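Asker:
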Amino acid sequence: MNSGELKINFEYLSSKFPKEALSLASINERFDNEPEQVKNLRFSFLEIFANLLLSRDNTLSSEAKRQYSIAITEAESSLMRAIKGFYS
């Protein structure tokens with residue numbers, strides 16, 4: 228599934244995903260004007276961020292929280308590099 232097939236826009240995503248996940252994926256009002264490939268990348272990572280945030284928030288272990296936070300940071304960096312690669 229990709230955002231092009233689903234005709235996903237910023238308004239829809241804002242109603243379905245946590246604000247923090249949207250922020251991590253850098254999905255904002257400009258999302259609707261981005262190239263389709265960039266939208267697909269952001270949407271894919273948005274789902275990952277939402278799952279990682281939910282897992283982090285639902286664990287009781289401080290070490291697990293730390294590991295989820297590290298995974299979130301690394302995913303954010305990966306998304307940035309993927310988008311930078313698209314525009315290079």
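Residue numbering for the sequence shown follows the working numbering, starting at 228 and increasing by one per position. Cβ atoms here follow ideal geometry from the backbone N, Cα and C, with glycine treated the same way. Being a predicted model, the structure only gives us computed values, none of them experimental.
Can you tell me where the alpha helix (DSSP H) holding S300 begins and where it ends?
Answerer: First, the residue type needs correcting, since residue 300 is Thr and not Ser in the sequence shown. Taken as a continuous stretch (DSSP letters only), the alpha helix (DSSP H) holding T300 covers 289-314.
Asker: Judging by CA-CA distance, which residue of K234, N285, F276 is the nearest neighbour of F305?
Answerer: One detail in the question is off: residue 305 reads as Ser in this sequence, not Phe. Out of K234, N285, F276, F276 has the C-alpha closest to the C-alpha of S305.
Asker: Going straight from the alpha carbon of D284 to that of L240, what length do you get?
Answerer: For D284 and L240, the distance between alpha carbons rounds to 21 Å.
Asker: Among L249, S296, K234, which has the Cα closest to the Cα of Q264?
Answerer: The candidate whose alpha carbon is nearest that of Q264 is K234.
Asker: By how many angstroms is the C-alpha of F270 removed from the C-alpha of S296?
Answerer: Computed Cα separation, rounded: 20 Å.
Asker: How should F272 be labelled, buried or exposed, when 16 other C-beta atoms within 10 angstroms of its C-beta is the threshold for buried?
Answerer: F272 comes out buried.
Asker: With respect to the alpha helix (DSSP H) encompassing A275, which residues constitute its N-terminal and C-terminal limits?
Answerer: What sits at residue 275 in the sequence shown is Ile, not Ala. Segment 263-285, the alpha helix (DSSP H) holding I275.
Asker: Starting from E247, follow the alpha helix (DSSP H) in both directions and report where the run begins and ends.
Answerer: It spans 246-251 - the alpha helix (DSSP H) in which E247 sits, taken as one unbroken run.
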